[in-house]
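Just so you know, we're using this note's numbering here: the sequence shown kicks off at 221 and counts up by one.
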Amino acid sequence: MKIAKRNNPLRRLAGRLSLAFENRSASANPPPAEAFARWARAALQPDVARAEVSLLVVDADEGRALNHDYRGKDYPTNVLSFALNEGEPVPGLPLFGDLVFCAPVVEEEARTQGKTLEAHYAHLTVHGLLHLQGFDHEGDDEAEVMEKLESVILAKLGYANPYAEELV
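Okay, here's the thing in C-alpha cells:
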C-alpha cells in the first residue's frame, strides 16, 4: 500500500520548522544541525503551525556577555532562549525565536552529570524550544509541568529522563 506524500504526517511536521544553525565556538564540536532539527521538531507543540528558530553555539565569553546583558547574571549559562513576544502567539505569524548554547558550560554539565554530550544538547534543545513556546519553570507547578513534558519528549527521542536523579 502506497502512502500519498501529501498525507505523510512526517512530511507535514518537517515543514513546520525552519531552522538556522551556526557554531561560533572556536573549540566546540556540537552535534550536527540535523540532530538539533530533530530535537526541535519533537518539542514543537501541536498548536504551533509554523516555527522559525535560530540556534547558535558560542564560547564562554560570548555566553557570559549575553547572560549579563539580557538576564543581569555575570556568568555563562547552558542555554538562553529569546522568544518574539515572550512566547505568546502572534496571530498570523510563525513562532520566532533564538536559542544560544554555551558550549563549555554544556560540555562541563554533561561531564559532571554523567550524560553524553548528545543527550545533554537534546535536553537543552527541547527545554529551550519549550521556553520559546511560553513554558516556564519559575514556580513549582510550572516546573513540574515543563519537566514532565521534557521527559516525555526526550523518551520519544530515545533519551533518559534528565530529571530521574531528582525524583529518587
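From the three backbone atoms N, C-alpha and C, an ideal C-beta is built for every residue, glycine too.
Beta-bridge pairing by DSSP links D294 to no other residue. In the DSSP secondary-structure assignment, A240 is bridged to S274. In the displayed model, V320 falls within a strand according to three-state DSSP. Under the three-pair Cβ rule at 8 Å, the stretch 259 to 266 does not count as touching the stretch 293 to 304.
Taking the C-beta atoms as reference points, A257 is found no nearer than 7 Å to L315. Three or more Cβ pairs drawn from the stretch 319 to 329 and the stretch 273 to 285 lie within less than 8 Å of each other, which places the two stretches in contact. Bridge pairing for F256: absent [DSSP]. Secondary structure at L313: coil, using DSSP grouped into helix, strand and coil.
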